[in-house]
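Residue numbers (the numbering used here): 117 to 257.
1. Identify whether residue 229 lies in helix, strand or coil by the three-state DSSP scheme.
2. Assuming residue 204 and residue 160 are in contact, meaning their beta carbons sit under 8 Å apart, how far apart are those beta carbons, in whole angstroms?
3. Once the 5 residues before and after residue 221 are set aside, which same chain residues still bring their CB inside 8 Å of it?
4. Using C-beta distances below 7 Å, list every residue in its chain close to residue 242, excluding the 5 sequence neighbours before and after it, in chain order.
5. What residue range is occupied by the uninterrupted alpha helix (DSSP H) comprising residue 213?
6. Going by C-alpha distance, which of 148, 251 and 168 is nearest residue 180?
7. On the three-state DSSP scale, how would you describe residue 180?
8. Keeping to the same chain, check which residues put their C-beta closer than 8 Å to that of residue 152; ignore five residues upstream and five downstream.
9. Please determine, among 165, 236, 227 and 216, the residue with the shortest C-alpha to C-alpha distance to residue 255.
10. Determine the direct distance from the alpha carbon of residue 182 to that of residue 173, and round the result to whole angstroms.
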C-alpha cells in the first residue's frame, strides 16, 4: 500500500509541475531565438554586409548552422536573412555609386563581389537598373 501511495504522489507531482517545466523550456528557446535575432541585427549594423553577403558567414559568427539561422529569422520576423543582408548592403552600395571618384570596378572590389558581372547583376536586381544607369540617374538634369 505504501509503495502505491508513493507512486501516486509522484505521479501527481509530475502532473502538477509538468506545465511549469514546459514553460521554462519554451522561455529558454524563446530567449535563444531572441538572442540570435538581436545578434544578427547587431552584426549587420556594423556595416559588415559591405563585404559579407553570405548567410553562412553570419551563421558561423553566431555559432549556428545556416539552415537554423535562416529558419529562425524567417519564423520570427517573416523575412529571410538574405533580405536583411540586402537591406543593409544597398545603402552602402548607393553611397559608393554616388561617389564619382570610384570606378565600378573599384566599388565591386571594395564590396567583395566576385566579379564586375556579378556586381552588375546584384545592382540590377536590387536597384532596378545597372550601376551605370543608377549613376546617371543621380546626375542633375
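Yeah, the Cβ is synthetic: ideal placement off N, Cα and C, and Gly gets one too. Since the structure is predicted, the reported quantities are computational estimates derived from the model, not experimental observations.
Per the coordinate set shown:
1. The residue labelled residue 229 in the question sits at position 113 within the chain shown. Of the three classes helix, strand and coil, the one that applies to residue 229 here is coil, per DSSP.
2. Locating residue 204 in the chain shown gives position 88, where the first residue counts as 1. Locating residue 160 in the chain shown gives position 44, where the first residue counts as 1. Their Cβ separation, rounded to whole angstroms, is 4 Å, which keeps residue 204 and residue 160 in contact under 8 Å.
3. The residue given as residue 221 occupies position 105 in the chain shown. So the list reads 232, once near-sequence residues are dropped.
4. As a working mapping, residue 242 is identified with position 126 in the chain shown. Answer for residue 242: 202 and 206, listed in chain order.
5. Translated into the one-based positions of the chain shown, residue 213 becomes position 97. From DSSP, the alpha helix (DSSP H) with residue 213 extends over 197-214.
6. For the purposes of this step, residue 180 is taken as the residue at position 64 of the chain shown. When only C-alpha atoms are compared, the closest one is 148.
7. Against the chain shown, residue 180 aligns to sequence position 64. Coil, per DSSP.
8. Sequence index remark: in the chain shown, residue 152 carries index 36 (1-based). Only 178, 180, 185, 188 and 189 meet the Cβ criterion.
9. Locating residue 255 in the chain shown gives position 139, where the first residue counts as 1. It is 216.
10. Counting from 1 along the chain shown, the entry for residue 173 is found at position 57. Counting from 1 along the chain shown, the entry for residue 182 is found at position 66. Cα to Cα, the separation comes out at about 8 Å.
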